[in-house]
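Take a look at the structure below.
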Amino acid sequence: MTATAPAPPAAPAARERPRGTLGRLAGALHRRPRLRLALLLTAPLLWLAVLYLGSLAVLFVSAFWTTNSFTSQVVKVWSTDNLRAVLTTPVYREVIVRSVGVALAVTVLCAVIGFPLAFFTARVAPRRWRPLLVVAVLTPLWASYLVKVYAWRLILSEGGLADWMLRPFGLDGPGYGLPAAVLTLTYLWLPYMILPVHTALAQLPAGLLEASADLGARPARTFRSVVLPLVLPSVGAGSVFTFSLSLGDYITVQIVGGKTQLIGNLVYSNIELNLPMAAALGLVPVVVIVLYLLALRRTGALSSL
Amino acid sequence: MRLIRTVQAALAATLFLAVTACGSSGGDGESSATGLNPPDLKAPTRLGKPEGQVDLIAWAGYVEDGSNDPDADWVSDFEKQTGCQVRSKVAASSDEMVKLMKTGEYDAVSASGDASLRLIASGDAAPVNTDLVPNYQDIFPDLKMQPWNSVDGKAYGIPHGRGANLLMYNTEKVKPAPTSWSAVFDGAFAHKGHVTAYDSPIYIADAALYLKAHRPELKIKDPYALDQKQFDAAVDLLKQQNKNVGEYWSDYLKEVSAFKSGDSVIGTTWQVIANLAASEGAKVKAFVPEEGSTGWSDTWMISSKAKHPTCAYKWLNWIVSPKVNAQVAEYFGEAPANAKACEQTTDKNFCTTYHAADTAYWKRIAFWNTPVEQCLDGRTDVKCVPYAKWVQAWTEIKG
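Listed in order, the protein sequences are those of chains A and B. Per my numbering, the very first residue in the first sequence carries number 1; after that it's consecutive. Per my numbering, the very first residue in the second sequence carries number 1001; after that it's consecutive.
So, in structure tokens, the structure goes:
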């Protein structure tokens, strides 16, 4: 780009009249591609480093501070007590395991429900319906998060829609609790799973499927040996959304989770009185998600994000 | 590739900066305060000219200018009469109030008893000269100079109103009608999955109050002054209760909806929630059980860093004036603090419903207070469990 650059556009005009400051500046910038790049990238890089990574760094550092137990003011004395408490206190460990379990359950449910749905919208449904079906999948995202969760609170309440629908089978609805939280989170994040899977399925070359059939494979075999390996990375990509969104959520579980606590609730309950403890707890989802992303990178799912 | 290296360098630089920044400020951390030795602050002896503005922190419904409900407006007249423009911030919890007061950007706060001592001890709240608040003389005597609004005979605020934490139950599903808190503790299994409780560490005091009556060998005198043994017993009781709890409530609309649908059939409540649920068709009743109850008594306190102290004093006097105190008490659903407010309520039975002047009723209420290491009940041979430990225990109780 630098060696073969054409002559500066300002040059022909400059022959007619003396070059102004602007012209000289343009010339200088043109001759120094590195300076140009630096000027272009300084602002976004500052944003990334200071606001984004900086706040993560502050989170990390404040996890090592302590608080005055009575006035709950942050005392800037270095200590690893908070991190040790997070790892050794039984209740914290239990909540961390529960939160990761919820995130995994939501991810699996989203994949199991999302895959057939995406298969239908991308390959089975009549071609002119497909855009409409994608819009239909996206419509829940237009409604407010709280409205949807409160709607689930009504559905799952005693004598609500869930109870009413299950009564003919002699069953009761799940009521408020951990299953309700998993169900609601699955509903909330399902579109984030369907979309990448839909895209991957829509882009699947028809020739591959035909070739498989020509070679004598039945549909089940084609699905297992051709479709699944090609689409699995995008399921992984969708799972990044469902997993991280579920791990960070604390409002849904407050509304439909009954007495259940997740990691976000612990952060929330500590944030006013014990900020360093909240920071230490807040590091847990960060670490879990980094580990999850590293695991996914090995499968190649990240390149289909 | 160069971009990645630049990002890495930036990240390293940020981390380095953050680490060095906290390293240099590590020296000025103060020693931890234990117990109550508030800084010696002076209350003003006379008021100056109104500053034209006042910044308040309040519970929802305490500072209404008609924007939420056109009928609820006691701010506009205050602004007209004093020239002090009111700017208010609604806080959702006592902990948030404490945190906001620390910023020093507010002049006054309507603190409950579980926040007031913390504000006094940290020097965020200043003593109040009650002579500068003429309406103070009409406040019910049993609200003045209480452990949660005064220290060593010095007043730190003006009482605003009070209420009890009641036991509410669904009259159709809970039979026979309960008379004791045992319905949510030892007898809670009868309504397994449908018991509710207030979602706050201060709820541990409710368990302590129950143990005070039912386990005399623990010798609990004050549910906010628990030594380690008494505290452990209360926590154990709450862990037992947790098995039967359907959900905890902190948002009062959530409790109203749970009682309406039948998801909750028995648990703690406030009078205003009981009234609201009943008006929306829920078959509920709320009362003070035989053991007595916990309750709250809110106090308007003035910040030690107040930028508009004169306007703050004017607000304190205004909010406990008979007419306004009646308005706010009726709007929020609590007993007013000003004795003359009872003549000003639109519902003539209001003060009877809320037991405003019923001294015997309030004797049975243990008002919220901040647990500190120095036992509030006067014991000096043991250390009591401070509030920070209550917060941790509450997390463990919920599991």
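A virtual CB, placed ideally from N, CA and C, is assigned to each residue, including glycine. On a predicted model such as this, the values are computed, not experimentally measured, just so you know.
When secondary structure is reduced to three states using DSSP, B:S1150 falls in the strand class. DSSP assignment within the segment 1081–1150 of chain B yields the following whole beta strand (DSSP E) runs of 3 residues or more, N-terminal first: 1085–1090, 1108–1111.
DSSP places B:F1367 inside the beta strand (DSSP E), whose first and last residues are 1365–1367.
Inter-residue distance for A:T42 and A:P285 is about 30 angstroms (C-alpha atoms, whole angstroms). Between B:P1038 and B:G1113 the beta-carbon gap is near 16 angstroms, outside 8 angstroms, which marks them as no contact.
Secondary structure note for B:F1287: its beta strand (DSSP E) is the uninterrupted segment 1284–1287. Contact with chain B is found for A:Y176, since one of that chain's Cβ atoms lies less than 8 angstroms from the residue's Cβ. Using a Cβ distance threshold of 8 angstroms, B:Y1198 and B:W1249 count as a contacting pair. If you draw a straight line from the Cα of B:Q1392 to the Cα of A:Q261, it comes to about 13 angstroms. Excluding residues up to 5 positions away in sequence, W1390, V1391, W1394 lie with their Cβ nearer than 6 angstroms to the Cβ of B:P1201 in the same chain. Partner residues in the beta bridge of B:Q1053, as assigned by DSSP, are B:Q1085. For A:T299, the enclosing alpha helix (DSSP H) covers residues 275–299.
Around the beta carbon of B:N1349, fewer than 16 other beta carbons sit within 10 angstroms, so the residue counts as exposed. Look at B:A1205: its C-beta is not under 8 angstroms from any C-beta on chain A. Considered as a whole, the segment 1333–1377 of chain B harbours 1350–1353, 1359–1363 as its complete alpha helix (DSSP H) runs of no fewer than 4 residues, in chain order. With respect to chain B, the C-beta atom of A:S144 has no partner C-beta closer than 8 angstroms. The segment 283–297 of chain A makes no contact with the segment 216–225 of chain A; the number of CB pairs closer than 8 angstroms stays below 3. Residue contact with chain B for A:L273: present (Cβ-Cβ distance below 8 angstroms to some residue of chain B). In the DSSP assignment, B:I1266 falls within the beta strand (DSSP E) that extends over 1266–1269. The beta-carbon of B:T1395 is placed less than 8 angstroms from the nearest beta-carbon of chain A. Assignment of B:R1162 by DSSP, reduced to helix, strand and coil, places it in the strand class. For A:G160, the C-beta contacts it makes with chain B under 8 angstroms involve S1261, in order along the chain.
Under DSSP, B:C1384 shares a beta bridge with B:D1227.
Contact check for B:V1372 and B:L1117: beta-carbon distance about 7 angstroms, within the 8 angstroms limit, so the pair qualifies.
The segment 234–253 of chain A and the segment 18–32 of chain A do not touch, with fewer than 3 CB-CB distances between them shorter than 8 angstroms. Boundaries of the alpha helix (DSSP H) around A:A180: 178–202.
Distance from the CA atom of B:D1142 to the CA atom of B:A1339, rounded to whole angstroms, is 11 angstroms. When B:Y1313, B:A1329, B:W1181 are compared, the shortest CA-CA separation from B:K1049 is found for B:Y1313. Counting other Cβ atoms within 10 Å of its Cβ, A:K76 reaches 16 or more and is therefore classed as buried. Put simply, the CB of A:S269 is near chain B, with a gap under 8 angstroms to one of its CB atoms. Around the beta carbon of B:K1260, a 10 Å sphere encloses 16 or more other beta carbons of the protein chains shown; the residue is thus reported as buried.
No Cβ-Cβ contact shorter than 8 angstroms links A:K259 with B:N1165. Contact between A:T199 and A:S234 holds: CB atoms are separated by about 7 angstroms, below the 8 angstroms threshold. For the pair B:F1332 and B:D1347, the Cα-to-Cα distance works out to about 14 angstroms. By the rule that beta-carbons nearer than 8 angstroms mark a contact, B:Y1106 does not touch chain A. Close partners of B:D1232 in chain A (Cβ separation under 8 angstroms) are lacking, with about 15 angstroms as the shortest Cβ gap.
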